[in-house]
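As structure tokens, the structure follows; a few thoughts come after it.
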Amino acid sequence: MRVNELYQNFQVTQEAITKKDYTRISQKLEIKALREQVTRKKYSATFLVKAKGACKLSLSQFYLYRGDQEAVDQFTDAKVDGQNSEHLKKGINQVTITTDPPEGQTAVLYLLANPERGKFIKYQFKFS
Numbered sequence: 067m068r069v070n071e072l073y074q075n076f077q078v079t080q081e082a083i084t085k086k087d088y089t090r091i092s093q094k095l096e097i098k099a100l101r102e103q104v105t106r107k108k109y110s111a112t113f114l115v116k117a118k119g120a121c122k123l124s125l126s127q128f129y130l131y132r133g134d135q136e137a138v139d140q141f142t143d144a145k146v147d148g149q150n151s152e153h154l155k156k157g158i159n160q161v162t163i164t165t166d167p168p169e170g171q172t173a174v175l176y177l178l179a180n181p182e183r184g185k186f187i188k189y190q191f192k193f194s
């Protein structure tokens, strides 16, 4: 079965997460971009998450796109307010996620949300 046939009834929209305003990604969470940094050893992205209550951040929703020739990277490590954790407290949390650095091309950070069956929202982080 071809990929296009498999996903033909899916609705995918794209939105931006910027430094200017918070973007609502769910009933309980809003995100605002802060900064990204690339060194020889790692890629890191820092953003603010406004949570309506205590909850766990789902790292499986974050992807670092590196171009058509490479597989996307998923994140395995997070720091919330400077602590190694994925647990958010009620209020504003500063989150930093890291992964391997991109090799030569510009990397783009995405968060993929699935608010309901067959519907996806692809949030692109815009740090500048």
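Quick note: the sequence shown uses my numbering, first residue 67, plus one each step. Yeah, the Cβ is synthetic: ideal placement off N, Cα and C, and Gly gets one too.
Through-space distance from residue j to residue i, alpha-carbon basis
i, j, result
"glutamine 80", "lysine 188", "5 Å"
"asparagine 180", "glutamate 96", "15 Å"
"threonine 162", "arginine 183", "29 Å"
"glutamate 136", "valine 174", "12 Å"
"glutamate 169", "aspartate 87", "30 Å"
"valine 78", "glutamine 149", "34 Å"
"phenylalanine 76", "leucine 154", "30 Å"
"tyrosine 176", "arginine 132", "11 Å"
"phenylalanine 191", "threonine 105", "19 Å"
"threonine 172", "leucine 178", "19 Å"
Pair within 9 Å by beta-carbon distance, residue i and residue j
i, j, result
"lysine 185", "glutamate 152", "no"
"lysine 85", "lysine 94", "no"
"glutamine 160", "valine 146", "yes"
Endpoints, the beta strand (DSSP E) within which residue i is located
i, result
"aspartate 143", "143-146"
"asparagine 159", "157-165"
"phenylalanine 193", "From DSSP, phenylalanine 193 is part of no beta strand (DSSP E); its letter is neither H nor E."
"tyrosine 131", "128-131"
"tyrosine 88", "Unbroken run through tyrosine 88: none, as it is neither H nor E."
"alanine 20", "The displayed coordinates of the chain run from 67 to 194. Any statement about residue 20 would go beyond what the structure contains."
"leucine 95", "95-104"
Supposed close pair residue i, residue j - CB separation, criterion 8 Å
i, j, result
"threonine 164", "aspartate 143", "5 Å"
"isoleucine 83", "lysine 116", "Actually they are not in contact, since the Cβ atoms of isoleucine 83 and lysine 116 sit about 12 Å apart, beyond 8 Å."
Nearest to residue i (by Cα), restricted to the options the options
i, options, result
"phenylalanine 28", "Ser126, Ile91, Ser110", "Past the edges of the chain, shown from 67 to 194, lies residue 28, and the structure says nothing about it."
"lysine 108", "Gln149, Leu130, Ala117", "Leu130"
"proline 167", "Ala120, Lys156, Asp139, Tyr176", "Asp139"
"isoleucine 91", "Thr172, Arg101, Leu114, Lys155", "Leu114"
"phenylalanine 141", "Lys118, Lys155, Thr112, Lys116", "Thr112"
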